[in-house]
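The structure appears below as structure tokens.
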Amino acid sequence: MAKETAKKNARTNATRLQWFRTVTTAINGVYLLNLVLWSDGPMFSIWSIFWILFWGAQEYIALLVLTSHGAAQLDASGDVVDCIDLSDPQQLGIYSYAQDLMWVCWAVQLLTCISNWFFVLYLPVPLMALSKALPLIQGMFARSRGPQHPQGMEQPEEDLRSRLQRRRDQIRQRKGKAAKE
């Protein structure tokens with residue numbers, strides 16, 4: 001039963017990814033056509049090349065991430081063992097951000113064909129990435145600072161001694177008591 005679900009997910013993922021490729025190519029084509037037909041200055045200036053690369057790179061990298069993450073896992077005989085559903089954000093996890101990025105890039109890229117001021121609609125994307133990455137970065141820095149008191153204050157020096165050091169101190173105290181007796 002699970003293999004049938006995995007096979008179904010692999011088929012729907014292939015269809016979905018093909019649709020993503022088609023839409024991405026069509027939107028980039030419309031954007032290039034807009035640059036050719038309605039450019040104010042030279043047809044391919046540095047800025048127009050920059051914007052083509054800016055939009056295209058994000059869309060195709062997101063597409064590559066989704067393609068690699070949504071690929072079916074095969075066993076030695078070539079049968080599908082497992083495949084996630086790309087339409088389910090719960091199964092995608094953090095990779096759902098790549099799918100959201102594609103949708104936003106498509107919309108904003110088409111709207112910037114009308115006016116460059118529509119780029120403002122893209123600004124929540126880096127803010128969202130920052131909000132997702134900030135807890136990860138804070139967690140890495142918190143671990144590098146060492147243990148802390150629950151109230152956020154540094155622990156007393158005696159609490160920071162290792163268990164081995166405390167054990168050695170206990171053994172020395174026992175030996176001292178045994179020598180006195």
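So the sequence shown is residues 1 to 181, counted in UniProt numbering. Glycine included, each C-beta is placed from N, C-alpha and C at the ideal position.
Below 8 angstroms on the Cβ atoms is my guess for residue i versus residue j; work out the distance and round it to an integer in Å.
i	j	result
L53	L17	No, L53 and L17 are not in contact; Cβ-Cβ is about 22 angstroms, not under 8 angstroms.
S48	L35	5 angstroms
L92	V125	At roughly 17 angstroms, the Cβ-Cβ gap does not stay under 8 angstroms, so L92 and V125 are not in contact.
A6	D82	5 angstroms
residue 211	Q109	The structure shown has nothing for residue 211, since the chain only spans 1 to 181.
C113	Y31	6 angstroms
L86	V80	Not really, about 15 angstroms apart at Cβ, beyond 8 angstroms.
G70	N13	4 angstroms
residue 216	A72	Any answer about residue 216 is impossible in this case: the structure gives the chain only from 1 up to 181.
Can you name the start and end residues of the alpha helix (DSSP H) that residue i belongs to?
i	result
A6	2 to 38
A57	46 to 69
According to DSSP, residue i sits in a beta bridge with which residue or residues?
i	result
Q73	D82
Cβ-heavy atom distance between residue i and the ligand ADP below 8 angstroms?
i	result
L123	Absence of the ligand ADP is noted for the structure shown, with no ligands found whatsoever.
Sequence ranges, alpha helix (DSSP H) only - wholly within the region 82 to 142, length at least 4:
Runs of the alpha helix (DSSP H) inside the region 82 to 142: 89 to 92, 96 to 112.
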